[in-house]
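Residue numbers (this note's numbering): 53 to 342.
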């Protein structure tokens, strides 16, 4: 039986998809491998290749995964996804796909996947998506499979070795629909608040200069309606002001309700009409008002 380095399956946690953060858009400097794992070693062999989130070479969005290895090095970034009872089920037909790119490599590298039964027993179902030659640029690779009766999870393993630099973006797990089309597999544990939590993750990534590293300041005036929350009256739009290390200021506005909300922000000598969709988080930088 083939052996693989196995970690504990993780619950979906970020963007509503069972294979969450497949595009690496939710990764941050503090959590670069969010929903993924860089495997440090296997069977006494140190896997010391590099895995980084980059923004200069992407297929879509703002970020992608880059893997670097030199002679005699190996790197693996992997994850486990558990079979469940409603969205990723036994006997279901699925497709795993990823956009792959090679800048250099001496031998074919692969994104491998395998389905395991309890006790890490191989089911014999799996496949590999091969990285393209450097001259091909970004290439979509995909593989179809049927979840066998005894499967407990699928393990996705992005492996490269020796002299190579490769990129991965937009990894997706899709289910075949009755009409023959394909649809992304949703998380079976999606809480009502999860889209709002996802917005916060993105806001902390995109506006870290203020939200993570900035100084909180007294907020400017905001006119909006209030609502009842437990025993208190609270505004339908929360807001605060932050100053980044470079002195730039911004106001963060948050609509934590399930309805669109409006208000008027009085700041920088101006009145700004704001309309926020349910769960929306908006950052207005002072330089935008100058």
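We put the CB at the ideal spot given by N, CA and C, even for glycine.
- Between residue 101 and residue 125, the C-beta gap is smaller than 7 Å, which places the two residues in contact.
- Proximity to residue 291 across 326, 103 and 153 peaks at 326, based on C-alpha coordinates.
- By the criterion of at least three beta-carbon pairs nearer than 8 Å, the stretch 106 to 114 is in contact with the stretch 68 to 82.
- Listed in chain order, the alpha helix (DSSP H) runs fully inside the stretch 225 to 290 are 246 to 258 and 260 to 263, counting runs of at least 4 residues.
- Residue 93 counts as exposed, since fewer than 16 other beta carbons sit within 10 angstroms of its beta carbon.
- For residue 171, no beta strand (DSSP E) segment is defined, and its DSSP state is neither H nor E.
- For the options 186, 198 and 181, the alpha carbon positioned closest to that of residue 144 is the one of 198.
- Contact between residue 118 and residue 219 holds, since their C-beta atoms are separated by about 5 Å, short of 8 Å.
- Cβ contact annotation for residue 265 (same chain, cutoff 8 Å, sequence separation greater than five): 296 and 297, in chain order.
- Residue 117 sits in a strand when the DSSP states are folded into three classes.
- In this structure the stretch 196 to 211 touches the stretch 155 to 172; the number of beta carbon pairs closer than 8 Å is three or more.
- Under the three-state reduction of DSSP, residue 337 is assigned to strand.
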